[in-house]
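Protein chains in written order, with my numbering: chain A, 353 to 689; chain B, 353 to 689.
The C-beta atom is built at its ideal place from N, Cα and C for all residues, glycine as well.
To start, the structure itself, in structure tokens.
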């Protein structure tokens, strides 16, 4: 049975959604969950659930990384944090993967330096799921594990993202695109132009550049970019969504005066929020590290945690890391890394 | 009287919105408009309006730059295009500024090479207006005039954007921010970290880094970034808005069944669209070129054209270019350009 270590102390509302999500996952997917955190706190939360017959254990970790901790400080100083203990469980083979909704920078640093990167991987990349128009998902990477990426890094991101998309979303030939500022090969900056010329030589279903406008359209499955751009893209999307929802609320309030109207608008608004909710898609894997690591949004609810556990288990079952290592080392010559 | 040359052939729906917007501007703002384009086409459109007493003239230009033309080709081959003629009117002092809703890349190239850049300016920058939560406007630059910007370029963008915001929006000490991936000085990439350390030494109201999420929040008035990032930011916002509006339509359709409901939703939706409409804010000026140049969205309607003409006139009246040249040359030492 696949075992997933869950950082029970990581998220904004920890440990409640972490514990509930783990219980849901253990019930629904028949896997074993190790809840890592301060035992008294985690046990108290666990007592709220019916867990008889489920494979859930608590693994003690005395320290907690705060959202405000600096990644390197947290990595160096809090060796007994729930993130460290979860990463060591993976590194020592006691778990097949880990999930954390904690401080993204700190979790990435911990996962990367406790487990190490795969031998052929130059830089791990965070692969963020984005909802697309037709109910699908696109994966954008790097979503912020690196800045100032070089061409060889972006090429590796493309290969890792493609393998991930194939394995997790069951698409045989995912469409891989490069995020740029024009569709033509010559549009973009130095980095994207050179990356384009490399990607088109690889045995990928490379569809060329896409513009920012296409990120949510579903025209690409895997969207490759530098981590600075990826982070800006995600946060700008969030900001634009927030802005639009705010404007929408005002418009609905001023137009729908009656109680019926306001009830209708409430339910429409709820459905609308659900449709743009990222939590269904289960967190962002950190691709390229030796241990399977899935990082959830700090505000993850139980459903998001459950789905992150599912994704980690699927990655472990699909032996994703072995496939990444195999394909990258085979491509070593082609990509001239 | 201020004279503005309008490229009547540039936009997606040219010349209709260009001509109507120019008539509205001439009527509302008491300025003179030179409509530049193929005379027969422009005159036919002009005949639809009551223009007696308004100062509107048609200036002939035989060629038209298509949206699909490459900027350099268009610049070199179509010397009698409406954009070229408008830029020459500015360069020769027959107009105080130009407005075009045409092919952005081509118009930037034409404006830049017909008029030249200001002596102290290393790179012109496109300054795009963004609507913010409280009904305000933020200006983001560079929105795509350059890629692979250097530190000195970003510093100049900050100075030019601040002068523009002061002059056009009447804010005495606009808040200037750098777009990055974390608020702390050390967050970001090489470019933003070094730019941060330069900006904080300048006599600007520099509020530090903002993240993508803050772009629409109104926390900054002037948002500085490389043109690649700026272009991605604008297009991702557009894509996210489109995605959300699509999801919203679906939610409203499935929830508000009755005719009353659908009418209510239609009017709420319309108000909502208006509130996120960029056209009120009048196009993006290309700052740093000798001639005042304002570039509208290709899909500009008459209102957007009218507002772009207003902005161009305000820039001319405020002697914006003289102020940019003065302040940049005074800062020459401080910014170590």
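Notebook entry, point to check: Quick one: Cα of residue 475 of chain B to Cα of residue 512 of chain A, how far?
Noted result: Residue numbering aside, residue 475 of chain B sits at position 123 when the second chain is read from its first letter. Residue numbering aside, residue 512 of chain A sits at position 160 when the first chain is read from its first letter. When rounded, the distance between both Cα atoms is 37 Å.
- Query: How many Å lie between residue 429 of chain B and residue 679 of chain B at the Cα?
  - Reply: One-based indexing of the second chain puts residue 429 of chain B at position 77. One-based indexing of the second chain puts residue 679 of chain B at position 327. So the two alpha carbons sit approximately 36 Å from each other.
Query raised in the report: Does the beta carbon of residue 500 of chain B sit closer than 8 Å to a beta carbon anywhere in chain A?
Result: Residue numbering aside, residue 500 of chain B sits at position 148 when the second chain is read from its first letter. At least one CB atom of chain A sits nearer than 8 Å to the CB of residue 500 of chain B.
Item to check | Cutoff 8 Å: residue 301 of chain A Cβ touching any chain B Cβ | outcome: Past the boundaries of the shown model lies residue 301 of chain A; chain A is included only from 353 to 689, so the question cannot be answered.
**Message:** I'd like the span of the beta strand (DSSP E) that includes residue 645 of chain B, first residue to last.
**Reply:** The sequence position of residue 645 of chain B within the second chain is 293, counting from 1. From DSSP, the beta strand (DSSP E) with residue 645 of chain B extends over 644-647.
(Q) Strictly under 8 Å for the Cβ-Cβ distance: is residue 598 of chain B near chain A by that measure? (A) Counted from its first residue, the second chain places residue 598 of chain B at position 246. For residue 598 of chain B, the nearest CB of chain A lies under 8 Å from its own CB, placing it at the interface with that chain.
Is it right to say residue 552 of chain A is buried, meaning 16 or more other beta carbons lie within 10 angstroms of its own, or is it exposed? One-based indexing of the first chain puts residue 552 of chain A at position 200. That one is exposed.
Checklist line | Range of the contiguous alpha helix (DSSP H) that encloses residue 488 of chain B | finding: Taking the second chain and counting its residues from 1, one reaches residue 488 of chain B at position 136. Element bounds for residue 488 of chain B: n/a, residue is neither H nor E.
Buried/exposed call for residue 550 of chain A, threshold 16 Cβ in 10 Å:
Position 198 of the first chain holds residue 550 of chain A. Burial call: buried.
- Task: Quick one: grab the DSSP three-state call for residue 654 of chain A.
- Result: The residue labelled residue 654 of chain A in the question sits at position 302 within the first chain. DSSP places residue 654 of chain A in helix when its eight states are reduced to three.
Excluding sequence positions up to five away, which residues of its chain have a Cβ less than 8 Å from the Cβ of residue 358 of chain B? Mapped onto the second chain, residue 358 of chain B falls at position 6. 370, 373, 374, 385, 386, 387, 388, 438, 450, 451, 452, 657, 661.
**OP:** Decide if residue 414 of chain B is buried, meaning its Cβ has at least 16 other Cβ atoms within 10 Å, or exposed.
**Re:** Position 62 of the second chain, counted from the start, is the residue given in the question as residue 414 of chain B. Residue 414 of chain B comes out exposed.
Going by the C-beta, is residue 578 of chain A closer than 7 Å to any heavy atom of the ligand ATP?
As far as ligands go, the structure on display features none, and thus does not contain the ligand ATP.
Query - For residue 643 of chain A and residue 647 of chain B, the rounded distance between their alpha carbons - result: The count along the second chain starts at 1 and reaches residue 647 of chain B at position 295. The count along the first chain starts at 1 and reaches residue 643 of chain A at position 291. If I take the Cα positions, the gap works out to 50 Å.
* **Inter-stretch contact (C-beta, 8 Å, three-pair minimum) for the segment 566-575 of chain A and the segment 467-486 of chain A** => yes
| message | For residue 510 of chain B and residue 528 of chain B, which I take to be in contact (beta-carbon distance under 8 Å), what is that distance rounded to the nearest angstrom? | response | In the second chain, counting from the first residue as 1, residue 510 of chain B sits at position 158. In the second chain, counting from the first residue as 1, residue 528 of chain B sits at position 176. Contact holds; Cβ gap of about 5 Å.
- Mind pulling the alpha helix (DSSP H) runs of 4 or more residues that sit fully within the segment 364-427 of chain B? Runs found: 368-381, 391-398.
Contact list for residue 568 of chain B against chain A, beta-carbon separation under 8 Å: Within the second chain, the letter at position 216 stands for residue 568 of chain B. Residues of chain A passing the Cβ test: 591, 592, 594, 595.
Check your understanding: Taking all protein chains shown into account, do 16 or more other C-beta atoms lie within 10 angstroms of the C-beta of residue 488 of chain B, making it buried, or fewer, making it exposed?
Key -> Within the second chain, residue 488 of chain B is the residue found at index 136, counting from 1. Exposed, by the Cβ-count rule.
Per-residue burial, residue 542 of chain B [other beta carbons within 10 Å of its own, 16 or more giving buried]:
Start at 1 with the first residue of the second chain, and residue 542 of chain B comes out as number 190. Counting the other Cβ atoms within 10 Å of the Cβ of residue 542 of chain B gives fewer than 16, which makes it exposed.
ask   = Where does residue 354 of chain A sit, in a helix, a strand or coil, going by DSSP?
value = Numbered from 1 along the first chain, position 2 holds the residue referred to as residue 354 of chain A. Coil, per DSSP.
query: Between residue 687 of chain B and residue 681 of chain A, what straight-line distance do the alpha-carbon atoms span, to the nearest angstrom?
result: For the purposes of this step, residue 687 of chain B is taken as the residue at position 335 of the second chain. For the purposes of this step, residue 681 of chain A is taken as the residue at position 329 of the first chain. No answer about residue 687 of chain B holds up, because its pLDDT of 49 lies below 50 and its placement is not dependable.
request  = Could you work out which residue in A:677, A:554, A:544 is closest to residue 563 of chain A when comparing CA atoms only?
outcome  = Along the first chain, one-based indexing puts residue 563 of chain A at 211. Among A:677, A:554, A:544, the Cα nearest to that of residue 563 of chain A belongs to A:544.
Quick check on DSSP: helix, strand or coil for residue 667 of chain A? Counted from its first residue, the first chain places residue 667 of chain A at position 315. In the structure shown, residue 667 of chain A sits in a helix (DSSP, three-state: H, G or I).
| request: Have a look at residue 378 of chain B and residue 523 of chain A and give me their C-alpha separation to the nearest angstrom. | output: Locating residue 378 of chain B in the second chain gives position 26, counting from the first residue. Locating residue 523 of chain A in the first chain gives position 171, counting from the first residue. Rounded to the nearest angstrom, the gap between the Cα atoms of residue 378 of chain B and residue 523 of chain A is 57 Å.
Using the beta-carbon count (16 or more within 10 Å), is residue 405 of chain A buried or exposed?
Walking along the first chain from the start, residue 405 of chain A turns up at place 53. An exposed status is given to residue 405 of chain A, since fewer than 16 other beta-carbon atoms sit within 10 Å of its beta-carbon.
Pull up the distance between the alpha-carbon of residue 422 of chain A and that of residue 652 of chain B, whole angstroms please.
Numbered from 1 along the first chain, position 70 holds the residue referred to as residue 422 of chain A. Numbered from 1 along the second chain, position 300 holds the residue referred to as residue 652 of chain B. About 46 Å.
Which chain B residues are close to residue 456 of chain A, counting only those with a beta carbon under 9 Å from its beta carbon? Locating residue 456 of chain A in the first chain gives position 104, where the first residue counts as 1. Chain B residues near residue 456 of chain A: none, gap ~11 Å exceeds 9 Å.
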